[in-house]
Amino acid sequence: MTMTMASTRDAPPPRPAPSGEALRLAGLRRDFGGFQALKGLDLEIRPGEFVALLGPSGCGKTTALNCIAGLQPLSAGTISLGDRRIDELPPERRGFGMVFQSYALFPHMNARRNVGFGLAMQRVPRREAEKRIDEALALVRLSAQADKLPGQMSGGQQQRVAIARAIVIRPPVVLMDEPLSNLDAKLRLEMRAEIRRIHEAIGSTTIYVTHDQDEALSMADRIVVMRDGLIRQTGTPEELYERPAHADVAEFMGYRSKLAGRVVSASNGRASVEACGARLEVSVRAPVSPGDPVTLMVRPEDLVAGTSGVVATVRISEYRGRAFFGAAQAIDGTELFFRSDRPVSTGERVTLGARPDQILVFAGSGA
Amino acid sequence: MIRDTGIGSKLWRTAVWAVVVVFVLNLLALIATVVIDSLSTRWLGTWLPAGFTAHWYADAWDEFGLTDVLVVTFQVVGAVVLISGALGVTAAYALARRDFPGKRAATLVFLLPLLVPPLTYGIPMATLLYRVGLGGSFAGVVLANLVPAVPFVVLVMIPFIEQIDPRVEAAARVFGASTWQLFIRVLLPLLLPGVLAALLLVLVRTVAMFELTFLTSGPTSQTLVVALYYAVFASGVRAGQEVDVMAVVYMVTTLVWLLLALRFVNPTQIVARAKTQGAH
Amino acid sequence: MTAVPAGRPTAVPLRVRLAARGIDGTTMLVVPALLAIVALFVYPFVYGLVLSLQPKVGPFTASYRTFFSDPFLRETVWNTLVLAIPTTLLNILLAVPIAFRVRLMSNQRLLTTILVLPVTLGTVLVAQGLLTYLGPQGWFNRTLLALHVIGAPLKLTNNYWGVFASLVITGFPFTFLLTLSYVSGIDPALEHAAATLGAGAARRFGRIFLPLLVPGLAVTFCLSFVQAFAVFPSAVLLGAPAGSTHVISIAAYQAAFERYDASLGSAIAMVMGAVQLVVVLLALGARSLFYRGPVGGTKG
Numbered sequence: 001m002t003m004t005m006a007s008t009r010d011a012p013p014p015r016p017a018p019s020g021e022a023l024r025l026a027g028l029r030r031d032f033g034g035f036q037a038l039k040g041l042d043l044e045i046r047p048g049e050f051v052a053l054l055g056p057s058g059c060g061k062t063t064a065l066n067c068i069a070g071l072q073p074l075s076a077g078t079i080s081l082g083d084r085r086i087d088e089l090p091p092e093r094r095g096f097g098m099v100f101q102s103y104a105l106f107p108h109m110n111a112r113r114n115v116g117f118g119l120a121m122q123r124v125p126r127r128e129a130e131k132r133i134d135e136a137l138a139l140v141r142l143s144a145q146a147d148k149l150p151g152q153m154s155g156g157q158q159q160r161v162a163i164a165r166a167i168v169i170r171p172p173v174v175l176m177d178e179p180l181s182n183l184d185a186k187l188r189l190e191m192r193a194e195i196r197r198i199h200e201a202i203g204s205t206t207i208y209v210t211h212d213q214d215e216a217l218s219m220a221d222r223i224v225v226m227r228d229g230l231i232r233q234t235g236t237p238e239e240l241y242e243r244p245a246h247a248d249v250a251e252f253m254g255y256r257s258k259l260a261g262r263v264v265s266a267s268n269g270r271a272s273v274e275a276c277g278a279r280l281e282v283s284v285r286a287p288v289s290p291g292d293p294v295t296l297m298v299r300p301e302d303l304v305a306g307t308s309g310v311v312a313t314v315r316i317s318e319y320r321g322r323a324f325f326g327a328a329q330a331i332d333g334t335e336l337f338f339r340s341d342r343p344v345s346t347g348e349r350v351t352l353g354a355r356p357d358q359i360l361v362f363a364g365s366g367a
Numbered sequence: 001m002i003r004d005t006g007i008g009s010k011l012w013r014t015a016v017w018a019v020v021v022v023f024v025l026n027l028l029a030l031i032a033t034v035v036i037d038s039l040s041t042r043w044l045g046t047w048l049p050a051g052f053t054a055h056w057y058a059d060a061w062d063e064f065g066l067t068d069v070l071v072v073t074f075q076v077v078g079a080v081v082l083i084s085g086a087l088g089v090t091a092a093y094a095l096a097r098r099d100f101p102g103k104r105a106a107t108l109v110f111l112l113p114l115l116v117p118p119l120t121y122g123i124p125m126a127t128l129l130y131r132v133g134l135g136g137s138f139a140g141v142v143l144a145n146l147v148p149a150v151p152f153v154v155l156v157m158i159p160f161i162e163q164i165d166p167r168v169e170a171a172a173r174v175f176g177a178s179t180w181q182l183f184i185r186v187l188l189p190l191l192l193p194g195v196l197a198a199l200l201l202v203l204v205r206t207v208a209m210f211e212l213t214f215l216t217s218g219p220t221s222q223t224l225v226v227a228l229y230y231a232v233f234a235s236g237v238r239a240g241q242e243v244d245v246m247a248v249v250y251m252v253t254t255l256v257w258l259l260l261a262l263r264f265v266n267p268t269q270i271v272a273r274a275k276t277q278g279a280h
Numbered sequence: 001m002t003a004v005p006a007g008r009p010t011a012v013p014l015r016v017r018l019a020a021r022g023i024d025g026t027t028m029l030v031v032p033a034l035l036a037i038v039a040l041f042v043y044p045f046v047y048g049l050v051l052s053l054q055p056k057v058g059p060f061t062a063s064y065r066t067f068f069s070d071p072f073l074r075e076t077v078w079n080t081l082v083l084a085i086p087t088t089l090l091n092i093l094l095a096v097p098i099a100f101r102v103r104l105m106s107n108q109r110l111l112t113t114i115l116v117l118p119v120t121l122g123t124v125l126v127a128q129g130l131l132t133y134l135g136p137q138g139w140f141n142r143t144l145l146a147l148h149v150i151g152a153p154l155k156l157t158n159n160y161w162g163v164f165a166s167l168v169i170t171g172f173p174f175t176f177l178l179t180l181s182y183v184s185g186i187d188p189a190l191e192h193a194a195a196t197l198g199a200g201a202a203r204r205f206g207r208i209f210l211p212l213l214v215p216g217l218a219v220t221f222c223l224s225f226v227q228a229f230a231v232f233p234s235a236v237l238l239g240a241p242a243g244s245t246h247v248i249s250i251a252a253y254q255a256a257f258e259r260y261d262a263s264l265g266s267a268i269a270m271v272m273g274a275v276q277l278v279v280v281l282l283a284l285g286a287r288s289l290f291y292r293g294p295v296g297g298t299k300g
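Chains as they are written, first to last, in the numbering used here: chain S, 1 to 367; chain V, 1 to 280; chain H, 1 to 300.
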């Protein structure tokens, strides 16, 4: 569909960031009656940065975005852009561009008028507005669909119009609220690259809300993981993927097997942990002492059926090209997700182990 | 929701709510006037009546023959509910489950009686009923009231039946249910909540249906609302309190069913089939 | 599937052919109700039309000629329009801003229940209540007097204003509940989008909500107007049925059941239907100038 018309028409040359101002969130709180959706959010976003707010539904990420946009009032805290406080401005005076989960295109306006809406509100002279609309439509590769109503366009095209509409006003900050969640899997992958490309082209600061860690990892410069209205961890995709700071962040990042254990011995960043009836060697970043309860977490692709490690009975095994992936149960009932290079069948006993540096160690047992 | 904090928007908001409050206060005051007057000994030129009494209720009950009127009202309403239920639910089932040539025309035929006000079609209809000898009779009143009732049941039930997955019926067939068993064991329990709601709404609407009953009823086939109209029309003849007694009796009769109906349906459905031409 | 020798098509039973077009036993279930409505609604309407063209004396148009030549009868059209159009417009004008506020309420049920009351109670009861309430000694006048808004009681019954009030009391809830369902059907994200793009409250309403709402409001206008145009009991009880509120339904009723001129009665009923139709067509014609389509989410 839209990819076929990625014609010879070139996107306009990259522009520098329209505003070199940082967005600062300090102590943002939002209460709904007795429920606290945001419990104090502090974050500084550099000009031009692409930040993803990542977390399960109900973690407060959409509330945070709505507060930044001014669509919901803050209960406490300040938002400032550069040295201006903006949290008391109504949404129409903040000048941010926003892309909505449901696109929220105006159904009675064609693509061109949708994109031009923000310019009309700013009373941009007609000639300049036309030029900027054309540029924006070209940037999202929709020049040929300019006269269509939203109802006549596919989901992917509507999403592009929504993006064009948000960026045409040259906002200092672009806010995106799960913009890909209504698209099918293939289109989602295409649009990821597309959004990233547009971000590079216009260079404006972007805050992107998602519950999909793949999306966040592949698109963002920096990821902010939220849970229960608080920030759990902030870092680059690599940092979060390799070194999650908490067990719940690790779980979210795909560390599916979770073993409760106890430290037997520790020395020089290495420790020996007894878990599920086996002794596992792990590398530790924070010091631990013998007797400490710890939680070990491993990704399915790193927990391999081999000769040493935890003995478990295979419950499920499926072939996923090149390797087998499965679930097994250890003697104490712990559920383990593993990889095997040779076929394993249900009921078979396997010994599962991982390299010391592939096992994450968190203090305490349980969550 | 976007919260505006400007003075203008605060004033605007206050003004809007003020209109709502004024409307609701006037409405409640109007109802209270009727109730208080029916209980008053004398109420002239003061905020509240001189004294309270219940004796108008006994007087009015005898004078207006309210027992008879109530019996007729419930006979009419009962007949209309049963007949419109039987006709309406079956028709709605066909319209919800089958796509046949002429379906749009059939739907339009059911829609029209709800869009055209009763008085507009009531006059030729009543004329016709009198010509064939049904005017002024119990049967004539019931037939007239079926005109808005049947389409109402049909249009309330169509969306309700459509949301029942036809595969449930197919599954029952596969497991060997006969048509009769299918109806009793599968369809009836699934349809019952919708049918009950639709019939309660028909009941409330028929109790309150003035125009058609007025045009077709005779002295022995008046329903409560028509009797009330005649009482108000001839209000100089009797004490005003007696007319208000009748108004209270009518109000209670309607409200009991309304409150019952509201347990099953959204208030909006009484006025309009919610969102027929709205979104989606 | 199987090859059929040319010239000898296999005979498909009629039953199967009908079923393929959607006609089977289940379809037939629509017949009883359809017959009932045709017999009780469509046929009487046609009968009335024919009757209106068969006057007691004179050529076939005599009943219509009587109506339009007698000023007392002719003016009923004007009398009714003067009541129905202002009340309908007022009700819509009040309903829209209120619906916009109520849409934000989480618990709308109490308000909608209160508003359903006058619609359910009907015009006869409202007329009886208003006779006392709006009367010279009623609470309404007493309150205005006590607040020194007026110096002498206003005359609000047995004239135009009594009927006007009753059309607002019974018409507003109807109009409001319809409007509310249209307003609630508009995706709130559209308002958010307009706000982030720089549109203040007034422009959000003018540029986004109003264009999306106009088709629904046109339908609301039609339904409310048609009800108001058929005003009957309150015009008799609360108005001046021989004067300013001599509305068209009174004329039709009197012709048919007091003067026993069934032809004239039917003719007036047909005129009433025709005026309603004209106004409805005008409103719907105006509506076709606007966008008509889904106003909810724009998900593809």
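Positions of the beta carbon are idealized from the N, C-alpha and C atoms, including for glycine.
Around the Cβ of S:GLU215, a 10 Å sphere holds 16 or more other Cβ atoms; the residue is buried. Near chain H, meaning a CB-to-CB distance below 7 Å, the residues of the segment 221-237 of chain V are VAL225, LEU228, TYR229, VAL232 and PHE233. Between the C-alpha atoms of S:ILE223 and S:ASP212 there is a straight-line separation of about 12 Å. Closer than 7 Å at the C-beta level to chain H, one finds these residues of the segment 105-138 of chain S: LEU105, PHE106, PRO107, HIS108, PHE117, GLY118, MET121 and GLN122.
Non-local beta-carbon contacts of H:PHE257 in its own chain, meaning distances under 8 Å to residues more than five positions away in sequence, involve GLY265 in chain order. Listed by position along chain V, the residues whose Cβ is nearer than 7 Å to that of H:PRO86 form an empty set, because the closest Cβ is around 17 Å away.
With the criterion set as a beta carbon lying under 8 Å from some beta carbon of chain V, the members of the segment 122-135 of chain H are GLY122, THR123, VAL124, LEU125, VAL126, ALA127, GLN128, GLY129, LEU130, LEU131, THR132 and TYR133, in sequence order. With the criterion set as a beta carbon lying under 9 Å from some beta carbon of chain H, the members of the segment 69-97 of chain S are ALA69, GLY70, LEU71, PRO90, PRO91, GLU92, ARG93, ARG94, GLY95, PHE96 and GLY97, in sequence order.
The C-alpha of S:ALA64 is placed about 26 Å away from the C-alpha of H:ASN107.
Those residues of the segment 10-25 of chain V placed with their C-beta closer than 9 Å to a C-beta in chain H are TRP12, ARG13, ALA15, VAL16, TRP17, VAL19, VAL20, PHE23 and VAL24, ordered along the chain.
The same chain holds no residue with a CB closer than 6 Å to that of V:ILE36 once the five nearest residues on each side in sequence are set aside. For H:SER266, the residues of chain V that pass the 8 Å Cβ criterion are ILE123, PRO124 and THR127, in the order they occur in the chain. Two segments are said to touch when three or more pairs of C-beta atoms, one from each, lie closer than 8 Å; by this definition the segment 52-61 of chain S touches the segment 196-212 of chain S.
H:LEU212 belongs to the set of residues whose beta carbon lies under 8 Å from a beta carbon in chain S. Buried is the label assigned to H:SER234, since at least 16 other Cβ atoms lie within 10 Å of its Cβ. Going by DSSP, H:LEU147 is part of no alpha helix (DSSP H) at all; its letter is neither H nor E. Chain-order list of chain S residues neighbouring H:HIS192: ASN66, ALA69, LEU71, PRO91, MET98, PHE100 and ALA104, by C-beta distance under 9 Å. For S:ASP42, the closest C-alpha among the options S:ALA250, S:LEU280, S:ALA26 and S:GLY33 is that of S:ALA26. For H:ILE208, no CB of chain V lies under 8 Å from its own CB, so it is not counted at the interface with that chain. With a cutoff of 8 Å on beta-carbon distance, S:ILE167 and S:ILE198 are scored as near each other. Among the residues facing chain V, H:SER249 is included, as its CB has a counterpart in that chain under 8 Å away. Between the segment 169-179 of chain H and the segment 83-98 of chain S there are fewer than three inter-stretch CB-CB distances shorter than 8 Å, so the stretches are not counted as touching.
Put simply, the segment 226-237 of chain S does not touch the segment 313-325 of chain S. Fewer than three CB pairs are less than 8 Å apart.
About 5 Å separates the beta carbons of V:PRO148 and V:PRO113, which is inside the 8 Å limit, making them a contact pair. Not a single CB atom of chain V sits nearer than 8 Å to the CB of H:THR157. Using beta-carbon distances, H:TRP78 does not count as an interface residue toward chain V, since no partner is under 8 Å. By the neighbour-count criterion, in which 16 or more other beta carbons inside 10 Å mark a residue as buried, H:MET28 falls on the exposed side. The Cβ of H:ARG203 sits closer than 8 Å to at least one Cβ of chain S.
Against chain V, a Cβ distance below 7 Å from H:LEU94 picks out VAL19. Membership of V:SER38 in the alpha helix (DSSP H) is indicated by the continuous run 7-38. Assignment of S:GLN152 by DSSP, reduced to helix, strand and coil, places it in the helix class. Closer than 8 Å to the CB of H:GLY200 there is at least one CB belonging to chain S. Contact annotation: the segment 109-123 of chain H does not touch the segment 273-291 of chain H, with fewer than three C-beta pairs closer than 8 Å.
In the structure shown, S:LYS39 falls within a strand segment according to DSSP collapsed to helix, strand and coil. Checking the DSSP bridge columns, you'll see S:GLN233 partnered with S:VAL225. Annotation for S:SER308: the continuous beta strand (DSSP E) segment containing it runs 304-319.
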